[in-house]
Amino acid sequence: MGAKEGIIKFRYDHTRTELPPVFESKVAELEAARSVLHQKKYIGLDSNGMGYGNLSVRIDAHMDSLHTFADCAPSLQGGFLISGSQTAHLTKLTRDHYVLVQAFSLGDFYLQACGAATPSSESLSHAAVYLIDPDVRAIIHIHKPDLWQYMLDHAYPATGAVDYGSMEMAQAVQRLFDEGAFREHRALVMDGHFGGVIGFGSDPQNALQCILDLERVYDLAHRSDSE
3 MGAKEGIIKF
13 RYDHTRTELP
23 PVFESKVAEL
33 EAARSVLHQK
43 KYIGLDSNGM
53 GYGNLSVRID
63 AHMDSLHTFA
73 DCAPSLQGGF
83 LISGSQTAHL
93 TKLTRDHYVL
103 VQAFSLGDFY
113 LQACGAATPS
123 SESLSHAAVY
133 LIDPDVRAII
143 HIHKPDLWQY
153 MLDHAYPATG
163 AVDYGSMEMA
173 QAVQRLFDEG
183 AFREHRALVM
193 DGHFGGVIGF
203 GSDPQNALQC
213 ILDLERVYDL
223 AHRSDSE
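Numbering (the working numbering), first residue to last: 3 to 229.
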């Protein structure tokens, strides 16, 4: 079964090739987190067959052995591995389902990528977070409408009513960072993207823990309201 996913709104150049084996350990880190998210249906298909959710991990330009893979390596700026478009419905992903974003420009709304899959429509939203905060090394984007509404109601960092994958989304992330919105919460809610929540951290497990912490806070609040 295939999955429809968001329309890619940015310009990109894509070298369709197999990701080098050197990325296998990073894919394994992502998959350990993704398996939890997929089981919880934070990544998957909605009732209309639309795919939702993705995750990524930063790749440094000086990562060992990358010099032997010039056609599929990050630029000096560094890059990130991200789950590809049309993959949200799959229970388990392999290297063939991930894409390396090698370079990007928010100003030009452009990225360069390589891998067997197509870049996620949310790639530049991830890029914006990586660009503004060097301490962020992994990002998870999930859909959970009740958590999304809770975060909006309780003044979590919010992007405003801007479209997913848009220039305005990238600018909204920059604004939140400049305002110091992430000092308390390493997460944000996407007002204009129903159900969309982003958590980030020092590695995929840390980003996953951010999502699970949000889930716990919501569950406790929901339980209190029900009593």
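Cβ coordinates follow ideal geometry from the N, Cα and C atoms, glycine included. Given the structure is predicted, the values throughout are model-derived calculations rather than measurements.
Check                                                                                                                                                                                           : Outcome
Would you report the Cα separation of Leu47 and Gly167, rounded to the nearest angstrom?                                                                                                        : 18 angstroms
Using 8 angstroms as the threshold, is the C-beta distance between Ile10 and Ser123 below it?                                                                                                   : yes
Quick check for students: name the residue ranges of the beta strand (DSSP E) that lie wholly in the stretch 21-89, counting only runs of 3 or more.                                            : 56-61 and 81-85
Tell me Gly182's beta-bridge partners as DSSP assigns them.                                                                                                                                     : Paired residues: none, contrary to the question.
Mind checking which residues open and close the beta strand (DSSP E) that includes Leu113?                                                                                                      : Tyr112 to Cys116
Is Arg225 helix, strand or coil by DSSP?                                                                                                                                                        : helix
Which whole-angstrom value is the C-beta distance of Ala119 and Val101, which I expect to be below 8 angstroms?                                                                                 : 5 angstroms
Provide the residue span of the alpha helix (DSSP H) that contains Leu133, from first to last.                                                                                                  : Ser125 to Ile134
When you compare only the Cα positions, how much space is there between Ala5 and Met52?                                                                                                         : Note that Ala5 has pLDDT 47, beneath the 50 cutoff, so the model's placement of it is unreliable and the number below is only indicative. The straight-line gap from Cα to Cα measures roughly 6 angstroms.
Quick one: what's Val309 bridged to in DSSP?                                                                                                                                                    : The chain is shown from 3 up to 229; residue 309 falls before or after that span and cannot be answered.
Mapping the DSSP letters down to three states, classify Tyr166 as helix, strand or coil.                                                                                                        : coil
I'd like the list of long-range same chain contacts for Gln176, defined as Cβ closer than 7 angstroms, with 5 residues on each side in sequence excluded.                                       : Ala130 and Ile134
Roughly how many angstroms separate the alpha carbons of Asp110 and Gln41, rounded to a whole number?                                                                                           : 37 angstroms
Below 8 angstroms, can you find three or more Cβ-Cβ pairs linking the stretch 85-100 to the stretch 150-170?                                                                                    : no
Give every residue of the same chain whose Cβ lies closer than 8 angstroms to the Cβ of Lys146, excluding the five residues on either side of it in the sequence, and list them in chain order. : Tyr44, Gly197, Val199 and Glu217
Starting from the Cα of Phe82, find the closest Cα among Ala174, Pro206, Asp221 and Arg225 and give me that residue.                                                                            : Pro206
What is the rounded straight-line gap between the Cα of Asp15 and the Cα of Leu113?                                                                                                             : 7 angstroms
Compute the beta-carbon to beta-carbon distance between Ala209 and Ala35, rounded to the nearest angstrom, for a pair I have assumed lies under 8 angstroms.                                    : 7 angstroms
My guess is that Phe202 and Ile141 are in contact by the Cβ rule of under 8 angstroms, so how many angstroms apart are they, rounded?                                                           : 5 angstroms
Could you tell me whether the Cβ atoms of Arg97 and Leu39 are closer together than 8 angstroms?                                                                                                 : no
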